[in-house]
Amino acid sequence: MTTRNHIINYIKKHFHTTSKINREQPYSWSNFNLNNNEQIFKIKKLDPLSVKEDSKLCLNLEIRSFLPDTLDFFTYFARYSATAMSIPTLPVIHLETELKKWWVIKGPFVHAKSKEVFERKVHRRLIQVFDTDHVLMKEYINYINENLPSGTNLFVEKFLYEDLNISHQLKSKLNLKEKQQAEELEGLDASLVKVAEKEKPFDMLVRERSQFFLDHLMKQVNAEKKL
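If you count by UniProt numbering, then the sequence shown holds residues 1 to 227, one letter each, in order.
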């Protein structure tokens, strides 16, 4: 028996599709079942950390894909990874599916009045992350982004919290910076200050030289008149 037949027999033994498929139900994992799934997939049960009432929202992960089954598996992976990092998360929020349609004319002559409809569905899921610091949040985002499957997009929204007295802290830092700049200016060499004062724009130098030439010329004219 060839390897191909071995694979076909294994699939027939462990997999079987449901006899009654609901056509109105969207394409998902519910359209097939697994026999002896504990032997095939050894996935631990997800036990996420509980979110308290006073927990702070730190991160929103919006995951988009054209296939809902890939999306559901990756959201499970994202929550499982957060639980392994001791990050509390809420259950996955199923956002509204985006539907976009295009109407295209079938042909320029005979079929000019008939149109063909094309549509695209984008399935979206949202995961909310709570009570984590900036460093751990950055590592979590990088890990999720590295393991992102093809055909899936990730949109990140961060929330950073600061104290109410942050304005006073910024003001004190600004005053300290201005004080340091003033001390640096006072410590400059006097010769450098004189050189800076001597530097004049070009038009002012032209005016001074022309005025000096006129004064010298007037002195010569007055001297000739006296003679």
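Ideal Cβ positions, reconstructed from N, Cα and C, are used throughout, including at glycine.
Distance, K100 Cα to L49 Cα: Distance between L49 and K100, taken at the CA atoms: about 37 Å.
| Given 8 Å as the limit, is there contact between the stretch 127-138 and the stretch 87-97, that is, 3 or more CB pairs closer than that? | Contact between the stretch 127-138 and the stretch 87-97 is present, because at least three Cβ pairs lie under 8 Å.
Complete beta strand (DSSP E) runs within the stretch 120-169 (minimum length 3 residues, chain order)
152-158
With S81 as the anchor, note down where its alpha helix (DSSP H) starts and where it stops. 68-84
Next on the checklist: For F159, which residues in the same chain have their Cβ closer than 6 Å to its Cβ, ignoring the five residues on either side in sequence?
Outcome noted: L57, C58
F155 and S55 look like a contact to me (Cβ under 8 Å); what is the Cβ gap, rounded to whole Å?
No, F155 and S55 are not in contact; Cβ-Cβ is about 22 Å, not under 8 Å.
Which residue's Cα is closest to the Cα of S150: N222, F74, K52, L61?
-> F74
Tell me which residue opens and which closes the beta strand (DSSP E) that S65 is part of. 57-65
Alpha carbons only, please: which of R125, V117, F118 is nearest the one belonging to V92? R125
* Asked: Opposite F118 in the DSSP bridges: which residues?
  -> W102
Practice item. Alpha carbon to alpha carbon, how far is D203 from M218? Give it in angstroms, no decimals. Key: 23 Å
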